[in-house]
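> Residue numbers (numbering that gives the first Met the number 0), protein chains in the order written: chain A, 0 to 420; chain B, 0 to 240.
C-beta: ideal position from N, C-alpha, C; glycine also.
All of these numbers come straight from a predicted model, not from anything done at the bench.
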Amino acid sequence: MADLDAEQKGTAQTMAARLWDSRWLLAAGIVAVLAVYALAGISAYVVLASLLLLLAAAILPATGARQSTGSGAAIEAIGLQRLSGEYLAAAVADPLIIFDRAATIVHANAAAFAAFGGIAPGMSLSLKFRAPEMQTLLDGVLSGDVASDVVDYMEKLPVERAYRVSVSSVGHATDLYVLVFKDQSETRRIDRMRADFIANASHELRTPLASIAGFIETLRGPARNDAAARDQFLQIMQSQTGRMARLIDDLLSLSRLEMKPYLKPGTEVNLRQTVDSVIDSLGPLASENAVAIERHYADGPLHVPGDRDELFQVFENLLENACKYGQSGGRVVVSIAHSDAGSEPGIDVTIRDFGPGIPEEHIPRITERFYRVDVETSRTQKGTGLGLSIVKHILTRHNARLSIKSEVGNGAAFSVHLPTH
Amino acid sequence: MQSVHIVSAYDEELKYLSKRIAAMGGHAERMVEQAVTALVNADPGLAQKVIRDDTVLDEGQREIDDKAIIIIAKRQPMAADLREIVGTIRISADLERVGDLAKNVAKRVVAVTDGRQPTSLFRGLEALSNLALTQLKEVLDVYASRSVEKIGFVRDRDDQIDAMYTSLFRELLTYMMEDPRNITPCTHLLFCAKNIERIGDHATNIAETIYYIVTGDQLPAERPKGDKTDKISLSETQPVK
Ligand SMILES: Nc1ncnc2c1ncn2[C@@H]1O[C@H](COP(=O)(O)OP(=O)(O)OP(=O)(O)O)[C@@H](O)[C@H]1O
Ligand SMILES: [Mg+2]
Chain A
0 MADLDAEQKG TAQTMAARLW DSRWLLAAGI VAVLAVYALA GISAYVVLAS LLLLLAAAIL
60 PATGARQSTG SGAAIEAIGL QRLSGEYLAA AVADPLIIFD RAATIVHANA AAFAAFGGIA
120 PGMSLSLKFR APEMQTLLDG VLSGDVASDV VDYMEKLPVE RAYRVSVSSV GHATDLYVLV
180 FKDQSETRRI DRMRADFIAN ASHELRTPLA SIAGFIETLR GPARNDAAAR DQFLQIMQSQ
240 TGRMARLIDD LLSLSRLEMK PYLKPGTEVN LRQTVDSVID SLGPLASENA VAIERHYADG
300 PLHVPGDRDE LFQVFENLLE NACKYGQSGG RVVVSIAHSD AGSEPGIDVT IRDFGPGIPE
360 EHIPRITERF YRVDVETSRT QKGTGLGLSI VKHILTRHNA RLSIKSEVGN GAAFSVHLPT
420 H
Chain B
0 MQSVHIVSAY DEELKYLSKR IAAMGGHAER MVEQAVTALV NADPGLAQKV IRDDTVLDEG
60 QREIDDKAII IIAKRQPMAA DLREIVGTIR ISADLERVGD LAKNVAKRVV AVTDGRQPTS
120 LFRGLEALSN LALTQLKEVL DVYASRSVEK IGFVRDRDDQ IDAMYTSLFR ELLTYMMEDP
180 RNITPCTHLL FCAKNIERIG DHATNIAETI YYIVTGDQLP AERPKGDKTD KISLSETQPV
240 K
């Protein structure tokens, strides 16, 4: 349809014209990026990248918009306007939302979709960001009292996040505004982690330390010359120090998980292979406890998006519990099955044991830190009471669900539902 | 979805109502969050703030009631719009109650922290309030997105909240029986837990109202309760697509 030769010859002019046509847009874009940069302190790389992209979008022939050459300039300018706006937004690594006078979302970049589920163009921003400080921020800029503003915004659920949010109007009289979220969770979490770690560790280490201190006293006093007692006491002390070391490991791994509440996207996990290697690694424990592990896997590929090491840890914890607490049942069944229950298709990994089970009233609580159904059993099994809270953390990050079914006397089944979307 | 009105001032009025609901919702969420934080961290200063903040919700409810009545009188809305306005009145009443309950938790902070209670109790309360707050947050998110087809989650989480509350209740009773000196602080904690559980109930009410606003129907009744087996689900997030 379009004349190819003419088009090739005209490339230079078109390019110049295109640049000229979009000069205001470009200027506005650059101003917006710089404003955002100044407000939120985005790394210089992002700014550079977005400027480059903006330029590229203006200069490179837009291969998609090429239907007519007559009224081309105007149409292309419009196409360009839309395109470059999206490119610009996409090039910013932080969540970015563009909205209009009525606080309606016009565009949100991928980072914004990932960070705040359930937003969509056309939705009201003030209905979604309800926190008092966000309401004040939006009201301020929309009423025209201020051209731009910054506020610290905290979200507690589903995972704790802290942002420095900056808002400003885009260009002049565009009636558009841009909201940029700069993630501050890391720094805040480091502080929290320190406080939490000390609180938890000091509380939980007190008991084993007290018992070790007691044994040392006995060894230096009454049992000084009793070789048999000495040996027994040293053995207990060794297992207590082992417990303390594990406790610290578990606490650290929990803290590390809390530090990075998002999952890095894009990796796939082969559940069959992961679960198999968990079973292999727990082989010694299973045979020591005389527990036979049975596998029931569905056919075909069993892949879900996620982090392999983390999911390994989940199944390891669950299988370890099944072997330890369900020992009396003599066997543990590990099954992987597709599930299309409800709106979210996924894969269920279920670990079922035939031990004593868990009394109903404890089920809602056992994923809390240090919660144990029976402190004595957990202690003889060298448990720290952190296993299931680590599991819970990892699964929250995977948008996954854990359901626990149990009947006293008939064992327990821990089911992990991993979405496949 | 919504009929186009000729009068755009009317639209503005409806928009204003939903914006006020969202602001009240945000405020209520914050109050619950801070009340529980004050309780867990034994922070009477924060508790005082929560108690003071309650007036904002009282005013919000009064304003929404007034505005809604004026709109009904002036515009004589039909069907969907009428549901929206009446729904707004109902939701703001629920949110106001949530604020009262949070305030009541805040008022107990001093009494509870007089004697140190076992940390496991506070972890339990935190877990309970996380469930209730997630319920409230996701329900209000549905108010924003209007995607009522996903609202089935409220029933499941309501059950989880009940189960968690029952478990906490038992634990508190054990402590009271162990040592009579625990009775006073544990009674306060028991009321705190009850309040948080009721906050979850109000969130469920709001979900029902939203469902009614959008569809004109009642939210499908509860599915039959599970037998002996119990179930919890940990995902605080509904997967987003
Ligand atoms: N399969 C099971 N059957 C019966 N009780 C269980 C089962 N799995 C877990 N529990 C109970 O839940 C409690 C918490 O488990 P969790 O894995 O969090 O801690 P732990 O096993 O004590 O310590 P850790 O896993 O950190 O070494 C356990 O102490 C136990 O009482
Ligand atoms: Mg364990």
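How is the beta strand (DSSP E) around residue 105(A) delimited, first residue to last?
Residue numbering aside, residue 105(A) sits at position 106 when the first sequence is read from its first letter. Note, residue 105(A): beta strand (DSSP E), 104-107.
> Pairs of beta-carbons, one from the segment 66-83 of chain B and one from the segment 8-17 of chain B, closer than 8 angstroms: are there three or more?
Taking 8 angstroms as the limit for Cβ pairs, the verdict is that the segment 8-17 of chain B does touch the segment 66-83 of chain B.
> On the DSSP bridge list, what partners appear for residue 304(A)?
If you number the first sequence from 1, residue 304(A) lands on position 305. Paired residues: 267(A).
> Do three or more CB pairs link the segment 166-183 of chain B to the segment 50-70 of chain B at distances below 8 angstroms?
No, the segment 166-183 of chain B is not in contact with the segment 50-70 of chain B.
> Measuring alpha carbon to alpha carbon, tell me which of 381(A), 391(A), 404(A) and 415(A) ends up nearest residue 238(A).
One-based indexing of the first sequence puts residue 238(A) at position 239. Nearest option by C-alpha distance: 381(A).
> Indicate the three-state DSSP secondary structure (helix, strand or coil) for residue 181(A) in the structure shown.
Within the first sequence, the letter at position 182 stands for residue 181(A). Reduced to three states, the DSSP call for residue 181(A) is strand.
> Could you name the residues of the same chain whose beta carbon sits closer than 8 angstroms to that of residue 183(A), not counting the 5 residues immediately before and after it, in chain order?
As a position in the first sequence, residue 183(A) is number 184, starting the count at 1. Contacts found: 151, 161, 162 and 163.
> Based on the DSSP secondary-structure assignment, which residues constitute the bridge partners of residue 413(A)?
In the first sequence, counting from the first residue as 1, residue 413(A) sits at position 414. Beta-bridge pairing links residue 413(A) to 350(A) and 403(A).
> If contact is defined by three or more beta carbon pairs under 8 angstroms, each pair taking one atom from either stretch, is the segment 241-251 of chain A in contact with the segment 201-211 of chain A?
Segments in contact, yes.
> Would you kindly check if the distance between the Cβ of residue 395(A) and the Cβ of residue 346(A) is under 9 angstroms?
Working through the first sequence from its first residue, we reach residue 346(A) at position 347. Working through the first sequence from its first residue, we reach residue 395(A) at position 396. Contact: no.
> Is there a Cβ from chain A that is less than 9 angstroms from the Cβ of residue 211(B)?
On the second sequence, position 212 is the one that residue 211(B) refers to. With 9 angstroms as the cut-off, residue 211(B) does not count as an interface residue toward chain A.
> May I ask you to list the residues that DSSP assigns as paired with residue 295(A)?
Here the question's residue 295(A) lines up with position 296 in the first sequence. 334(A), per the DSSP bridge assignment.
> Please go through the same chain and pick out, in chain order, the residues whose beta-carbon is closer than 6 angstroms to the beta-carbon of residue 95(B), but skip the five residues on each side of it.
Locating residue 95(B) in the second sequence gives position 96, where the first residue counts as 1. The residues are 56 and 60.
> Does the beta carbon of residue 88(B) come closer than 9 angstroms to any beta carbon on chain A?
The residue labelled residue 88(B) in the question sits at position 89 within the second sequence. Not an interface residue.
> Compare the C-alpha of residue 159(A) against each of 167(A), 315(A), 189(A) and 213(A) and name the closest.
To locate residue 159(A), count along the first sequence from 1; it is residue 160. Of the listed residues, the one whose Cα sits closest to residue 159(A) is 189(A).
> Roughly how many angstroms lie between the CA atoms of residue 124(B) and residue 174(A), to the nearest whole one?
Counting from one through the second sequence, the residue named residue 124(B) turns up at place 125. Counting from one through the first sequence, the residue named residue 174(A) turns up at place 175. So the alpha carbons of these two residues sit roughly 46 angstroms apart.
> State yes or no: is the C-beta of residue 180(A) within less than 9 angstroms of the C-beta of residue 94(A)?
Indexing the first sequence from 1 puts residue 180(A) at position 181. Indexing the first sequence from 1 puts residue 94(A) at position 95. Cβ atoms of residue 180(A) and residue 94(A): closer than 9 angstroms.
> Can you check DSSP and say which residues form a bridge with residue 345(A)?
Numbered from its first residue, the first sequence carries residue 345(A) at position 346. Partner(s): 338(A) and 418(A).
> Can you find the residues in the same chain that come closer than 8 angstroms, C-beta to C-beta, to residue 254(A), ignoring five residues on each side of it along the sequence?
Your numbering for residue 254(A) matches position 255 in the first sequence. Excluding sequence neighbours, residue 254(A) sits near 192, 195 and 196.
> List, in order along the chain, the chain B residues whose C-beta lies closer than 9 angstroms to that of residue 202(A)?
The residue you call residue 202(A) lines up with position 203 of the first sequence. Simply 118.
> With distances taken between CB atoms, is the gap from residue 401(A) to residue 335(A) smaller than 9 angstroms?
Your numbering for residue 401(A) matches position 402 in the first sequence. Your numbering for residue 335(A) matches position 336 in the first sequence. No.
> In chain A, which residues lie with their C-beta within 8 angstroms of the C-beta of residue 136(B)?
The count along the second sequence starts at 1 and reaches residue 136(B) at position 137. The answer, in chain order, is 156.
> Could you pull the start and end residues of the beta strand (DSSP E) that residue 147(A) belongs to?
Counting from one through the first sequence, the residue named residue 147(A) turns up at place 148. Element bounds for residue 147(A): 147-154.
> Counting only beta-carbon atoms, is residue 123(B) nearer than 9 angstroms to chain A?
In the second sequence, the residue the question calls residue 123(B) occupies position 124. Taking Cβ atoms only, chain A reaches closer than 9 angstroms to residue 123(B), which makes this a yes.
> Taking the CB atoms as reference points, tell me whether residue 70(B) and residue 13(B) lie closer together than 9 angstroms.
Taking the second sequence and counting its residues from 1, the one referred to as residue 70(B) is at position 71. Taking the second sequence and counting its residues from 1, the one referred to as residue 13(B) is at position 14. Result yes, Cβ atoms of residue 70(B) and residue 13(B) sit closer than 9 angstroms.
> Beta-carbon within less than 8 angstroms of residue 43(B)'s beta-carbon, same chain only, minus the 5 sequence neighbours each way: which residues are those?
Position 44 of the second sequence holds residue 43(B). Excluding positions up to five away in sequence, the list reads 37, 108, 109 and 112.
> Can a CB atom of chain B be found closer than 9 angstroms to the CB of residue 96(A)?
The residue labelled residue 96(A) in the question sits at position 97 within the first sequence. Cβ-Cβ to chain B under 9 angstroms: no for residue 96(A).
> Taking the alpha-carbon positions, what's the residue 200(B) to residue 176(A) distance?
Within the second sequence, residue 200(B) is the residue found at index 201, counting from 1. Within the first sequence, residue 176(A) is the residue found at index 177, counting from 1. C-alpha separation (whole angstroms): 37 angstroms.
> Answer yes or no: the CB of residue 14(B) versus the heavy atoms of ligand 1, is any distance below 8 angstroms?
Here the question's residue 14(B) lines up with position 15 in the second sequence. Because no heavy atom of ligand 1 lies under 8 angstroms away, the Cβ of residue 14(B) does not count as near it: no.
> Is residue 410(A) a contact residue of ligand 2, with contact defined as CB to any heavy atom under 8 angstroms?
Reading the first sequence from its first residue, position 411 is the one you call residue 410(A). Result no, Cβ not under 8 angstroms from ligand 2.
> Take residue 115(A) as the anchor and find which of 154(A), 316(A) and 348(A) has the nearest alpha-carbon.
Position 116 of the first sequence, counted from the start, is the residue given in the question as residue 115(A). Ranking the options by Cα distance to residue 115(A), first place goes to 154(A).
> Pull out every residue of the segment 159-185 of chain A whose Cβ sits closer than 7 angstroms to any Cβ of chain B, in chain order.
Of all residues in the segment 159-185 of chain A, none has a Cβ within less than 7 angstroms of some Cβ in chain B.
> Would you decide whether residue 113(A) is buried or exposed? Buried here means 16 or more other CB atoms lie within 10 Å of its CB.
Within the first sequence, the letter at position 114 stands for residue 113(A). So residue 113(A) counts as exposed.
> For a contact defined as C-beta to C-beta under 7 angstroms, what are the partners of residue 176(B) on chain A?
Here residue 176(B) refers to the residue found at position 177 of the second sequence. None at all; the shortest Cβ gap to chain A is about 15 angstroms.
> For chain B, find out if any of its Cβ atoms is closer than 9 angstroms to the Cβ of residue 314(A); answer yes or no.
Indexing the first sequence from 1 puts residue 314(A) at position 315. Not closer than 9 angstroms to any Cβ of chain B, the Cβ of residue 314(A) fails to qualify, so no.
> Can you name the residues of chain D whose CB is closer than 7 angstroms to the CB of residue 166(B)?
Annotation note: the requested chain D is absent from the structure, which comprises protein chains A and B.
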